[in-house]
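Enquirer: Going by this note's numbering, the letters in the sequence shown line up with residues 2 to 258, in that order.
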Amino acid sequence: MSELKALIFDVDGTLADTEKDGHRVAFNRAFEKAGLDWNWSVELYGKLLKVTGGKERIRYYLDDFNREFTRPDNLDEFIAGLHESKTAFFTQMLSEGVIPLREGVRRLILEAKEAGMRMAIATTTTPANVSALLVHTLDSDAESWFEVIAAGDIVPAKKPAADIYLYALNEMGLQANECLAFEDSQNGILSSVGADLPTIITVNEYTLDHDFSGASIVLDNMGEPEQQFNVLSGYTPEEKYLNMNTLKQIHQQAIVK
Ligand code: XBP
Ligand code: MG
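#1: Excluding five sequence neighbours on each side, which residues of the same chain lie with their C-beta closer than 8 angstroms to the C-beta of A35?
#2: Using the C-alpha atoms, what's the distance from Q93 back to G14?
#3: I need the straight-line Cα distance from L198 to T71, nearest angstrom please.
#4: So, using beta-carbon positions, are V232 and I251 closer together than 8 angstroms?
#5: Quick test of your reading: E4 and E179, contact by CB under 8 angstroms. State the CB separation rounded to the nearest angstrom.
#6: Excluding the 5 residues flanking V131 on each side, which residues of the same chain have their C-beta closer than 7 angstroms to its C-beta?
#7: Can you name the start and end residues of the beta strand (DSSP E) that E184 belongs to?
#8: Who are the near neighbours of F242 in its chain, counting only those whose CB is closer than 8 angstroms to its CB and skipping five residues on each side?
#9: Quickly, what does DSSP pair L102 with across the bridge? List them, please.
#10: For E115 and F79, what's the separation of their Cα atoms in angstroms?
#11: Is the closest heavy atom of the ligand MG to the C-beta of G189 under 7 angstroms?
#12: Tell me the rounded alpha-carbon separation between F90 and E148.
#13: Could you pull the start and end residues of the beta strand (DSSP E) that G235 belongs to?
#14: Could you tell me which of D212, L175, A177, E112 sits nearest to D185, measuring between CA atoms?
#15: Could you check if D210 belongs to the surroundings of the ligand MG, using beta carbon to heavy atom distance under 7 angstroms?
#16: Any heavy atom of the ligand MG inside 7 angstroms of the beta-carbon of T203?
#17: Which residue wins for smallest C-alpha separation from S193, given the options L50, G47, G215?
Next comes the structure, spelled out in structure tokens:
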């Protein structure tokens with residue numbers, strides 16, 4: 002039977018609740034700076050999350066929610082410029098410590114590191130955002146804790162395509178059944194399960210109602226010894242917080258299925 006060798010983490014929504022109070026706010030600041038009257042409300046942003054990737058999300062907004070906008074001739078460049086400005090606002094927010102890690106994330110990552118568990122990141126977000134989050138929430142050295150940081154445009158087809166996870170697996174030279182993926186959304190699990198990875202879901206405000214078919218376990222958060230998680234569906238381990246033991250149990254349970 003395959004042993005658990007690596008953990009592959011999504012970033013947005015999984016490591017930190019970045020969308021509502023982070024990315025969304027940064028997009029709005031970039032729009033304002035560019036003199037646009039666009040404003041993405043919490044509700045609208047929930048709809049826009051259907052499409053992953055910030056540049057792709059701006060295009061989706063123009064296609065489906067703001068057809069009246071007169072597009073410049075160089076739309077690709079225009080979107081890329083807005084997105085660059087948004088990334089600057091977002092990384093600034095991270096450096097100010099506006100967005101903390103979710104419950105249990107720091108403890109779990111430190112425990113995994115201590116145990117010599119291999120770790121990687123697989124996300125659609127821009128690499129600069131991943132660096133800023135890791136450095137400002139974990140440690141100035143935290144990027145080096147992850148063997149592979151697969152992020153942003155590194156693969157052309159973003160989640161829900163499986164490509165980003167397949168890229169990470171290939172870089173690490175591992176089989177899917179030797180790993181666990183951590184996700185928070187339907188696009189995320191379509192991507193991880195598309196790469197055959199057993200997947201642990203921690204839901205958030207935007208993803209509570211998503212379809213998590215194929216998940217090994219669905220939790221409200223990763224939990225802490227003194228603040229246990231609730232299992233929303235799937236295998237229920239004895240201890241109610243994610244640690245190396247519970248991860249191994251969840252993994253074994255997932256791969257015998
Ligand atoms: C994350 C995303 C990203 C971020 C914005 O999805 O969809 O687009 O919202 O990042 P996932 P950028 O958690 O499934 O990887 O603006 O840097 O693209
Ligand atoms: Mg996510």
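Glycine included, C-beta positions come from ideal geometry on N, C-alpha and C.
The structure presented is a predicted model; accordingly, all values stated were derived computationally and were not measured.
Expert: In short:
#1: G82, L83, S86
#2: 18 angstroms
#3: 43 angstroms
#4: no
#5: 7 angstroms
#6: V12, I122, T124, I150, A152
#7: 180-184
#8: The sequence given here has Tyr at residue 242, not Phe. Here the set comprises G105, M223, G224, E225, P226, Q228, Q229, F230.
#9: A17
#10: 45 angstroms
#11: yes
#12: 27 angstroms
#13: 232-235
#14: D212
#15: no
#16: no
#17: G215
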